[in-house]
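Asks: For what it's worth, full-length UniProt numbering labels the leading residue of the sequence shown as 1, then goes sequentially.
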Amino acid sequence: MAKKKFYAVVAGHQPGIYYDFWENCQKKVNGYKGSKYSGFVDYDAARAYYAENGGDMAIIEKAEQAAREEAERKQEELQQAVECRRQELLDSVDLLRQKLEAGRDRPEPISAAVEDFCRSYAPDIALSDEQKRAIQAVDGKVLLFAVPGSGKTTVLTIRAGYLLFGRHGRQIAASEMMNLTFTRAAARSMQERFARRLADFRSGFGTGAEALAQEIAEAPVPVRENAAAGARALVEMPEFRTIHSFCWCYLIRDLRLAGYDMPLHLIDIEDENDIDEDDVKGKGKSKGMGKLTMRRLLEGMVEKHKGFYKLNISDESVREKLTSTITFIKNRMMEPEEYAGLFLTIDKERYSVTALFHAYEQELAEHGCMDFDDMLRFSLEGLKAMPEVLAKYQKRYKYWSIDETQDNSPLQYELLSLLTGKEGNLFVVGDDDQSIYFFRGAQPGLLLEYGILDRTKVLVMSRNYRSGSRIVDMAHQFIRENSQRAEKNMLFQAASGPGQVNFITQLPNVQSQYRYIVAKARECERQGTTLAVIYRVNASVFPVMFWLKKAGISFRMNGYYKDVAYSKCIGMVIWIFSLACNPGSLDLFKKCRFWLKACISDEAMEKLEAKCKNNHVSDILSLAGELHDNIRSHCREAGELLRSLVKMTPFQAAKTLLENDYIPESPGERLHVYAVLGACLPYRTVREFVAAHQEFLEDEIYDAPVTLTTMHSSKGLEFDWVIIVDPWQDLLDMDIRPDPDEFFFKDAEESRRLFYVAATRAKKVLDICAVANYYGTQEVTCRFVEELAFIYDAITNEAAGESSGDGIYSDAGDSRYKLVFKQKFYGVKQGRKPGVYKSYAEAEQQVAGYSGALHESFDSLEEAVRYVYGKEWRRFMPVQLSYGKLQRFLHENPVIACVRDIDLPQLVRQAVCRYLGVNHDLRELSGSRLEAIRQMSINYGGSSQATDYHGRADYYVLAYMLMNFYKLWLPLWEILQQGKLKPNVRVLELGPGPGTATLALLSFYCMLALDNRETQFSIDYVAVEREADFVRAADSMVNHFIAGHPCQQNLHINFQLRRQSFEEFFASGYGDERGYDLVLESNALNDHENVSEDAHLNMAREMLYALQAGGHAVFIEPRGRVNCTRLQKFFDDMMVEGVAMLLAPRNCRVYCNRNTLLQQVVELGIRSSNGKNMEHGFSCMVLEMEKYGV
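As structure tokens, this is what we get:
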């Protein structure tokens, strides 16, 4: 049963409803004679109990009113803060754009000294002018934007050499320079590159060094003195460090010596990537515990606080959410009141952020430790408190170089600003498009704000030397959809070749994906090239590792195998498999006894351990059953299960365990299920699988041609071939804040930046794999894949989506690989919201505390539907429709959101011609009418006046309707594919114009009716249009279509066209009831109608109010980033209860080259051709009204 969270106190010291902890309720009833109270899973049940038992409802209503007002206040403050920050960033972007344009128009000349130095110091590299300008920037504040693959590391190391040895008129010693970067791997790489370059320079790389030495010898005295300083620097290397390493090795040390009070110890570096072990040798210990990691701190916190007992710290995703929260608070320097009242949702449980953070800080204090974020905080606070220490560092380090500054947090930014001072020389390098650590507190807007300062010189390295031209062009267009960014035109290097992007979206199952990866890994091994498999969540790598190991292919993984292997259901399967192979292991029994339902008390476990201590045990389950009668039968059943598992294949064994005992509810949980099943597939026996697991625990591979890495860890790396796997919408695109009280650290634009980073790791080939079927389940592919395919299709004019490799689909559709979880259906016949529910927790919310509730559980959907709806049950059962004919009209690549290049349906062409008074050809139009149409035009309105369509219907039909016709098919197709399009529908369309969307929907249903002859379809269609000429045109064409459509036997259409404004329609009561299955608008919410934003928002709300449960609202607007953002904002601002997003705002298009009537329109001079491709772009969104039913 779900944990009780709401406590209704009818009689007590202080009646009311209390949330979260039992202690809150306990204080209100303890010692109160005749107290009356109860706990419930949800608020509605608690409220119902309170009312039914005579509670004072005035108390509840007052509390509810106060809660509503507080929620509205918070929401308004949040929206104002977000909008204010967004506007600030957009202002910064605009100012920065002007600055960048000025720099492009008037580029700084490159000095002869830099030219000579580059030829001498790096004769093996043909540096570009952009790179040379970065190298010669020595003094003042400089911001260098560096796009992916632009040679940033090369420039930084050469610039360090130029500071030491260049003829720039200064004497700079290595000890005056500090080079900071984001990770220790990057710091080591830069130091190694500098050392190699320096060694080559010392030994006289080519003849350039000799020429430079001769030039210096003949130079004036000041230059010779500078050269002498450079000679001294040959003995002393400049430092390359992370900011954490710099703080620990220098600032923390000197602040302590100066008497600044702070914890003595630093948590162990096992889980960190920002500091070298040599730097903290002997420091990572706590009082009496030896090494103390973040994981051990969290485990200690959970052990000591009973309110956190459900937190599973062994689960990587739980640890990640907790550590991200703590890091975010510290790096954003948040005050307690900023997160007071906010909560974290982990595994459906809500936890107070204040309580979590306070408990963590207590745990740190008890061990006398600081964490890595504290190190930065103590450094900043210490320097402010100890100005003499700050002065020492400002005097010592005069030349600062900071890499990856897009990932700096406000804490880091303030610390570095303090160290460099107003007069310090600060060279900042970054790319706001690659900022992907928002969850760690990174704030890319700081980079933009630094760039607009008057004293900051802004430079750009815009050429990508890494990737092929197609990859570069595609990525550049993709990232431009973000609005809060500096505009950088990423260019490709012709020598890199075209490159190739493959959208492998036809993989029928996961086996095909893993076979594809193995085949490409073998190909790269033969060719001596590098390959990376990149994924969003670590669980994706688990099966890839086992498939590569089985194939004998070496690889390296960026991460810890144990973190993946022992998370969620993967750990459960591995522990049970291991126990099946080693039935005498007490340790394994302790780990999986709960899964095996062999639960024993701690006291009983101690007896079992004592029995095992000095005796060899061959079967721990038998022994446990003998010692404890109450679990004997469970132990016997568990033993039989283990003995049966070792006789199965690993896949069959894992499938058995998961189907019987595990119901994944979140995308992450489903991915873990797929991962462990996928890992089992290539192995024949459970023992073989367990042996492979044991080898992974011992293997340490540091160098291999194949790399497995997350998107975050891939930054800074490059590979010849990149394969992106499992690009799910639910894993990648998380832009929406779920609750104003949820502690949320997601940047609305970061998901796109993360995918951009992954895609730009590829040098020659980028593969994006999308699996159609995960063991019988379909997962929605991320909209970014669709956008990239859309862009790639446009820039190459090639069909994307073809995959290479023969024989990888041999077991497609094999039922052996279908995973069927044990599914229960819960019918609520009488309750708050009757219907059929898929989880007990959902059903319980409808019946708990409800007087006269009727509910039951069933093994099949049909049984549950029959129980709830009685004789009308068939009306509520989902209908499976075939759509083979429709499918031929969509683009062959399913991730590209467009209708293929096809002509209009014949009946629609006839309707258009009849309306215009011709038979079959528009060229039959009379000269006078044709000339009248040519003279028509539509002047779109704006903020001052609405668009005037009067007398222009003929022009609109020919110039716009013909091109726009198919755009409704894409959202309809999305609803159909998800099994949610009904054969019998009530449709409301707002603003049909001359009937464009009306005819499109009727044509769509005609195709369905042809594919499903035995199914009866009916459409009850209401269209509301205020423009008289449009009403006349729509009435003519739609009625012609209805009279002549070919499915009169099984498609019945009732069409009503009302000449009203939207406001009049809704005021008349037609929109008051949720009676419609589908509500459509097309171009009714754009900026051309002199309608306020509030009026648009109200109209969108009315569309939702007009829906019945399970209905859909379709929004279609002109294509563009602004309209996608605007549609998203509508969804965020509407705040209509029970509405979910079925299709997130996205850009789509319709091809029109084969539209015969449109060709005639162009030929007649009514509309101009749109280049070689005639196409129509638009943005769309689909919302769904929550369905309390099936």
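Cβ coordinates follow ideal geometry from the N, Cα and C atoms, glycine included.
List the DSSP bridge partners of C1148.
Replies: Residue mapping note: residue 1148 aligns to position 1148 of the sequence shown, counting from 1. In DSSP, C1148 forms a bridge with F1178.
Asks: Less than 8 Å between the beta carbons of F577 and V686, yes or no?
Replies: Within the sequence shown, the letter at position 577 stands for residue 577. Within the sequence shown, the letter at position 686 stands for residue 686. Yes.
Asks: Given this structure, state the Cα-to-Cα distance separating residue 1196 from G499, to the nearest angstrom.
Replies: For the chain, the structure presents residues 1 to 1190; residue 1196 sits outside this window and is missing.
Asks: Of the residues A654, D432, C599, A843, which one's Cα is nearest the Cα of C569?
Replies: Counted from its first residue, the sequence shown places residue 569 at position 569. Minimum Cα distance to C569 is reached at A654.
Asks: Quick one: what's got a C-beta closer than 7 Å to D432's C-beta in the same chain, skipping five residues either side?
Replies: Position 432 of the sequence shown, counting from 1, holds the residue named residue 432. Answer for D432: Q406, P444, L447, L448, R485, A486, listed in chain order.
Asks: What residues in its chain sit with their C-beta under 7 Å from that of A679, if we drop five residues either side in the sequence?
Replies: Your numbering for residue 679 matches position 679 in the sequence shown. So the qualifying residues of the chain are F542, P543, F546.
Asks: So what does DSSP say about L708, is it helix, strand or coil?
Replies: Within the sequence shown, residue 708 is the residue found at index 708, counting from 1. In this structure, L708 counts as strand in the three-state DSSP scheme.
Asks: Pop quiz: V429 and A146 are said to be a contact at Cβ under 8 Å. What is the actual Cβ separation, rounded to whole angstroms?
Replies: By one-based count along the sequence shown, residue 429 stands at place 429. By one-based count along the sequence shown, residue 146 stands at place 146. Rounded, the Cβ-Cβ distance is 6 Å, consistent with contact.
Asks: Would DSSP call D261 helix, strand or coil?
Replies: Position 261 of the sequence shown holds residue 261. Here D261 sits in coil by DSSP.
Asks: Could you tell me how far apart the beta carbons of Y399 and E70 are, in whole angstroms, since I believe they sit closer than 8 Å?
Replies: Taking the first residue of the sequence shown as 1, we reach residue 399 at position 399. Taking the first residue of the sequence shown as 1, we reach residue 70 at position 70. About 52 Å separates the two Cβ atoms, so there is no contact after all.
Asks: When you compare each of A604, F439, L1057, K885 to R332 by their alpha carbons, which one comes out closest?
Replies: Within the sequence shown, numbered from 1, the residue matching residue 332 stands at position 332. Relative to the Cα of R332, the nearest Cα in the group A604, F439, L1057, K885 belongs to F439.
Asks: Whose C-beta lies closer than 8 Å to the C-beta of L671 among residues of the same chain, with five residues either side of it excluded?
Replies: Position 671 of the sequence shown holds residue 671. V537, A539, S540, D726, W728, L731.
Asks: Who are A762's beta bridge partners in DSSP?
Replies: For the purposes of this step, residue 762 is taken as residue 762 along the sequence shown, with counting starting at 1. A762 is bridged to F719.
Asks: Taking the alpha-carbon of L717 as reference, which of A1067, R761, A691 has the nearest alpha-carbon?
Replies: As a position in the sequence shown, residue 717 is number 717, starting the count at 1. Ranking the options by Cα distance to L717, first place goes to R761.
Asks: Looking only at C-alpha atoms, which of V908, Y566, R526, A521 sits nearest to L548?
Replies: Here residue 548 refers to the residue found at position 548 when the sequence shown is read from its first residue. Among V908, Y566, R526, A521, the Cα nearest to that of L548 is on A521.
Asks: Whole angstroms are fine: how far does the CA of S417 sit from the CA of V573?
Replies: Your numbering for residue 573 matches position 573 in the sequence shown. Your numbering for residue 417 matches position 417 in the sequence shown. Between the C-alpha atoms of V573 and S417 there is a straight-line separation of about 51 Å.
Asks: Please work out which residues of its chain come closer than 6 Å, Cβ to Cβ, to H13, disregarding the five sequence neighbours upstream and downstream, and give them in chain order.
Replies: For the purposes of this step, residue 13 is identified with residue 13 of the sequence shown, where counting begins at 1. Answer for H13: K28, Y32, listed in chain order.
Asks: Relative to the C-alpha of T781, which candidate in D741, K824, T796, I724 has its C-alpha closest?
Replies: Indexing the sequence shown from 1 puts residue 781 at position 781. Shortest Cα-Cα distance from T781 to any of D741, K824, T796, I724 involves I724.
Asks: Taking residue 1208 as the reference, give the member of R167, A391, Y162, K152 with the closest Cα.
Replies: Residue 1208 lies beyond the range of the chain shown here (1 to 1190); nothing can be said about it.
Asks: Enumerate in chain order the residues of its own chain whose CB-to-CB distance from P263 is below 7 Å, with the five nearest sequence positions on each side excluded.
Replies: Working through the sequence shown from its first residue, we reach residue 263 at position 263. Cβ contact annotation for P263 (same chain, cutoff 7 Å, sequence separation greater than five): G368, C369, M370, in chain order.
Asks: Quick check on K920: buried or exposed, where buried means 16 or more other Cβ atoms within 10 Å of its Cβ?
Replies: Within the sequence shown, numbered from 1, the residue matching residue 920 stands at position 920. Here residue 920 turns out to be His, not Lys, going by the sequence shown. Classification for H920: exposed.
Asks: What is the C-beta distance between Y915 and A1033, in whole angstroms, given that I count them as a contact (C-beta under 8 Å)?
Replies: Position 915 of the sequence shown holds residue 915. Position 1033 of the sequence shown holds residue 1033. The Cβ separation is near 6 Å, so the contact holds.
Asks: Give me the residue from V353, F1055, S1168 with the minimum Cα distance to S937.
Replies: Here the question's residue 937 lines up with position 937 in the sequence shown. It is S1168 whose Cα lies nearest to the Cα of S937.
Asks: Would DSSP call Y561 helix, strand or coil?
Replies: As a first step, residue 561 is located in the sequence shown; it is residue number 561 there, counting from the start. In this structure, DSSP gives Y561 a helical state, which the three-state scheme calls helix.
Asks: Taking just the CA atoms, how far does G307 sit from A11?
Replies: Stepping through the sequence shown from its first residue, residue 11 is reached at position 11. Stepping through the sequence shown from its first residue, residue 307 is reached at position 307. Roughly 26 Å separates the two Cα atoms.
Asks: Please list, in chain order, all residues of the same chain as V912 whose beta carbon is under 7 Å from its beta carbon, the five residues on each side excluded.
Replies: Against the sequence shown, residue 912 aligns to sequence position 912. If we look at V912 and ignore the five residues flanking it on each side, its Cβ neighbours are V957, M1037, L1157.
Asks: Could you have a look at C769 and say whether DSSP puts it in helix, strand or coil?
Replies: Locating residue 769 in the sequence shown gives position 769, where the first residue counts as 1. Strand, per DSSP.
Asks: Could you say which of A610, E669, R632, V676 lies nearest to Q652 if we only look at CA atoms?
Replies: Within the sequence shown, numbered from 1, the residue matching residue 652 stands at position 652. If we check each option's Cα against that of Q652, V676 comes out closest.
Asks: Can the beta-carbon of V1114 be found less than 8 Å from the beta-carbon of F1065?
Replies: Along the sequence shown, read from residue 1 onward, the residue named residue 1114 stands at position 1114. Along the sequence shown, read from residue 1 onward, the residue named residue 1065 stands at position 1065. No; because the gap between Cβ atoms is not below 8 Å, this pair is not in contact.
Asks: Which value, in whole angstroms, describes the spacing of the CA atoms of residue 1217 and Y437?
Replies: In the structure as shown, the chain begins at 1 and stops at 1190. Residue 1217 is therefore absent and cannot be evaluated.
Asks: Quick one: what does DSSP say V10 is sitting in, helix, strand or coil?
Replies: Residue mapping note: residue 10 aligns to position 10 of the sequence shown, counting from 1. Note: V10 maps to strand in three-state DSSP.
Asks: Tell me the rounded alpha-carbon separation between L1078 and E320.
Replies: Counted from its first residue, the sequence shown places residue 1078 at position 1078. Counted from its first residue, the sequence shown places residue 320 at position 320. Between L1078 and E320, the C-alpha separation is close to 41 Å.
Asks: In whole angstroms, give me the CA-to-CA distance for K283 and L255.
Replies: Translated into the one-based positions of the sequence shown, residue 283 becomes position 283. Translated into the one-based positions of the sequence shown, residue 255 becomes position 255. Here the model assigns K283 a pLDDT of 47, short of 50, so the residue's position is not dependable, and the following value carries that caveat. C-alpha separation (whole angstroms): 16 Å.
Asks: If you follow the alpha helix (DSSP H) that D629 is in, where does it begin and where does it stop?
Replies: Translated into positions along the sequence shown, residue 629 becomes position 629. It is not in any alpha helix (DSSP H) - D629 carries neither H nor E in the DSSP assignment.
Asks: Counting pairs of beta carbons, one from the region 994 to 1006 and one from the region 1015 to 1030, are three or more of them closer than 8 Å?
Replies: yes
Asks: Would you check if the distance between the CB atom of D767 and the CB atom of I504 is smaller than 8 Å?
Replies: Here residue 767 refers to the residue found at position 767 when the sequence shown is read from its first residue. Here residue 504 refers to the residue found at position 504 when the sequence shown is read from its first residue. In contact: D767 and I504 (Cβ atoms closer than 8 Å).
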